[in-house]
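The sequence shown begins at 40 in our numbering and counts up one residue at a time.
C-beta atoms are modelled at their ideal positions from N, C-alpha and C, and glycine is treated no differently.
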Amino acid sequence: MSKSKGYAALKAMSPLAPYTFERRQPREHDVVIDIKYCGICHSDIHQARDEWSEYQEEAIFPMVPGHEIAGDVSEVGAKVTKHKVGDKVGVGCFVDSCRTCPECRSGLEQYCSVKTVWTYNARDNEGSPTYGGYSDRIVVDESYALRMPKNLPLDACAPLLCAGITLYSPLKHWKAGPGKKIAIVGLGGLGHMGVKLGHALCAEVTVLSQSLRKQDDAKRLGADHFYATSDPATFTKLTRSFDLVLNTVSAQIDWNQYLSLLKVDGSMVVVGLPEKDIPVGAFSLTGGRRSLAGSAIGGIRETQEMLDFCDAHGVACDIEVVPIQKVNGAYERVLKSDVRYRFVIDMATLGKD
Ligand code: NAP
Ligand code: ZN
Ligand code: ZN
């Protein structure tokens, strides 16, 4: 075991504060990563506030959040072949899985039928708590570390590891591309990557945001159209317009209203994870043979494909870099939808309290 420094929520709802904890000694297939940057995902906030207790076996405090981790390999175990010291690598939402179930074998480790080991707020296969990327180092099996883009800044690529793949995977699965009309609901961390990736895949992209505040930004990010959902006329005007609606909203909204925006055979894919369940009417689905689906991040193979796609197409995140001492203020701004469009913690500020 060796000591690691980070920031943790000591208990549910408590502000994050400096925290020292143990990381495992690197095993023969492990890499040690010096963390340079870590994005702040809304999921970090949901978990630090214990908002998902209904859906999780346990919430583990103290909790070191962070699953958009980018850094340099500083050490490798004797049998590591995939990465070497000095490589720029990333870690996303999970650090292990069973590796043998049908889902793992087909590259869908995030849906492992035995156990996906989440990057934090989980237990590894030995039963020890996992700790995330708001910290100086992480020790992870080489198979769960990704190669980061070579031509893009590392800080702006950290959020690809969750926000990027969470939108890329459903865009690919539901075949967003030329001739397809897609809507992105909510222009936050996930939503802005949906716009950039949907545009890069040549789909026609519409943003549905609470107000018109972010309209200019959305157009700059690649959106073709923008509407405010606070205006009831938006829903009448856009009835039966889209092949695909990607819903990234972190709060309770009326999904039936958004289902009405789908063409016949269209799909709404939910990626936002609000605290409470949302009722859906049968008629919202039957009137147009519509599908309501969900999607979680992406597997290792697809995450690497997304990182390489972003490298080739020059797609990175719009970020605001913050010192770790400002993490609690950043959380408050995310909660007010006041982030343009992802906070990224500069880990060089750790220990400078
Ligand atoms: P975020 O940056 O806070 O973005 C969420 C956006 O939703 C906001 O910017 C806002 O967009 C909109 N919104 C917020 N409150 C709203 C309300 N009351 N009514 C209508 N719209 C509202 O969060 P994020 O990091 O993108 O994460 C979004 C959600 O996805 C979270 O629940 C997170 O836990 C979840 N998530 C899921 C996965 C997965 O694999 N499925 C992965 C990562 C995160 P506007 O200002 O444009 O309205
Ligand atoms: Zn996330
Ligand atoms: Zn598995």
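Quiz item: Rounded to a whole number of angstroms, what is the C-alpha to C-alpha distance between Cys80 and Gln249?
Solution: For Cys80 and Gln249, the distance between alpha carbons rounds to 20 angstroms.
Self-check item: Boundaries (first-last residue) of the beta strand (DSSP E) holding Leu331
Solution: In the DSSP assignment, Leu331 falls within the unbroken beta strand (DSSP E) covering Ser330 to Gly333.
Quiz prompt | Inter-residue Cα distance where the pair is Arg186 and Thr275 | solution = Arg186 and Thr275 have their C-alpha atoms spaced approximately 45 angstroms apart.
Exercise. Whole angstroms is fine: what's the gap from Met102's alpha carbon to Val366's?
Key: About 14 angstroms.
Practice problem: Measure from the alpha carbon of Gly326 to the alpha carbon of each residue in Ser299, Gly237 and Val284, then state which is nearest. | Solution: Nearest C-alpha to Gly326: Ser299.
Quiz item: I think Cys137 touches Val153, with their Cβ atoms under 8 angstroms apart; what is that distance to the nearest whole Å?
Solution: Right, the Cβ-Cβ distance comes to about 4 angstroms (below 8 angstroms), so this counts as a contact.
Quiz prompt | DSSP three-state assignment for Cys18, whether helix, strand or coil | solution = Past the boundaries of the shown model lies residue 18; the chain is included only from 40 to 392, so the question cannot be answered.
Quiz prompt | Segment contact flag, the region 248-266 with the region 224-239, C-beta cutoff 8 angstroms, min 3 pairs | solution = The region 248-266 makes contact with the region 224-239, as at least three CB pairs between them are under 8 angstroms.
Practice problem: Look at the Cβ atom of Ile384, then the Cβ atom of Tyr173, and state whether they are nearer than 8 angstroms. | Solution: It is a contact, given that the beta carbons lie within the stated cut-off.
Quiz item: Between Val310 and Thr388, which are expected to be in contact by the criterion C-beta below 8 angstroms, what is the C-beta distance as a whole number of angstroms?
Solution: Contact between Val310 and Thr388 does not hold, since the beta-carbon distance rounds to 30 angstroms and is not under 8 angstroms.
Exercise. Locate the beta strand (DSSP E) running through Thr59, then write down its first and last residues.
Key: Run containing Thr59: Leu55 to Arg62, per the beta strand (DSSP E) assignment.
Practice problem: Tell me, please, which residues DSSP counts as bridged to Glu114. | Solution: BP columns for Glu114 point to Val71.
Quiz prompt | Of the residues Asp73, Glu107 and Glu67, the one placed nearest Gly23, counting alpha carbons only | solution = Coverage of the chain is limited to positions 40 through 392, which leaves residue 23 absent and any answer about it impossible.
Self-check item: Tyr380 versus Gly230: straight-line alpha-carbon distance, rounded
Solution: Their Cα atoms are separated by approximately 9 angstroms.
Quiz prompt | In chain order, each alpha helix (DSSP H) run of at least 4 residues that lies wholly inside the region 333-369 | solution = Within the region 333-369, the complete alpha helix (DSSP H) runs of at least 4 residues are 339-352.
Quiz item: Can Leu283 and Ala369 be called in contact, C-beta distance under 8 angstroms?
Solution: In this structure, Ala369 does not lie closer than 8 angstroms to Leu283 by Cβ.
Quiz item: Among the residues of its own chain, which have a CB less than 6 angstroms from the CB of Gly110, if the five just before and after it don't count?
Solution: Excluding positions up to five away in sequence, the list reads Ile72, Asp73, Ile74 and Lys75.
Self-check item: Alpha carbon of Asp126 to alpha carbon of Ile177, nearest angstrom
Solution: So the two alpha carbons sit approximately 14 angstroms from each other.
Quiz item: What do you reckon, are the CB atoms on Lys302 and Phe322 nearer than 8 angstroms?
Solution: No.
Exercise. Starting from Phe133, follow the beta strand (DSSP E) in both directions and report where the run begins and ends.
Key: Where Phe133 is concerned, the enclosing beta strand (DSSP E) stretches over Phe133 to Asp135.
Practice problem: Just jot down, in chain order, the residues whose CB lies closer than 5 angstroms to any heavy atom of ligand 2. | Solution: Any heavy atom of ligand 2 within less than 5 angstroms of a residue's beta carbon puts that residue on the list, which reads Cys80, Ser82 and Cys201.
Quiz item: Looking at Val153 and ligand 5, is the gap between the Cβ and the nearest heavy atom below 7 angstroms?
Solution: What this structure holds is ligand 1, ligand 2 and ligand 3, not ligand 5.
Quiz item: Which residues in the same chain have their Cβ closer than 7 angstroms to the Cβ of Lys315, if we skip the five residues on either side of it in sequence?
Solution: Answer for Lys315: Gln291, listed in chain order.
Quiz item: Are the region 47-65 and the region 86-94 touching, with three or more C-beta to C-beta distances below 8 angstroms?
Solution: Taking a contact to require three or more Cβ pairs closer than 8 angstroms, the region 47-65 and the region 86-94 qualify as touching.
Self-check item: From Ser92, Gly166, Gly353 and Gly171, residue whose alpha carbon lies closest to that of Gly129
Solution: Among Ser92, Gly166, Gly353 and Gly171, the Cα nearest to that of Gly129 is on Gly171.
Self-check item: Distance cut-off 7 angstroms: Ile384 Cβ against heavy atoms of ligand 1
Solution: Every heavy atom of ligand 1 is 7 angstroms or more from the Cβ of Ile384, so no.
Quiz item: Assuming Ala117 and Glu67 make a contact with CB atoms under 8 angstroms, what is their CB distance in whole Å?
Solution: Their Cβ separation, rounded to whole angstroms, is 5 angstroms, which keeps Ala117 and Glu67 in contact under 8 angstroms.
Quiz prompt | Inter-residue Cα distance where the pair is Trp91 and Lys258 | solution = Using only the alpha carbons, I get a separation of about 34 angstroms.
Quiz item: Cys151 to Asp163, Cα distance in whole Å?
Solution: Using only the alpha carbons, I get a separation of about 14 angstroms.
Self-check item: Leu247 and Ala222 closer than 8 angstroms at C-beta
Solution: Going by C-beta atoms, Leu247 is nearer than 8 angstroms to Ala222.
Self-check item: Spatial neighbours of Ala20 in its chain, beta-carbon cut-off 7 angstroms, leaving aside the 5 residues before and after
Solution: Beyond the ends of the chain as shown, which are 40 and 392, falls residue 20; an answer cannot be given.
Exercise. Can you give me the start and stop residues for the alpha helix (DSSP H) that Thr273 sits inside?
Key: Counting along the chain, the alpha helix (DSSP H) containing Thr273 begins and ends at Ala272 to Lys276.
Quiz prompt | Nearest to Pro313 (by Cα), restricted to the options Pro65, Asp304, Asp83 and Leu251 | solution = Minimum Cα-Cα distance from Pro313 among the listed residues Pro65, Asp304, Asp83 and Leu251 corresponds to Asp83.
Quiz prompt | Backbone CA spacing between Gly146 and Asp180 [nearest angstrom] | solution = Cα to Cα, Gly146 sits roughly 16 angstroms from Asp180.
Self-check item: Close Cβ partners of Gly394 (< 6 angstroms) along its chain, the five nearest in sequence each way excluded
Solution: Residue numbering for the chain in the displayed model covers 40 to 392; residue 394 lies beyond these limits and cannot be assessed.
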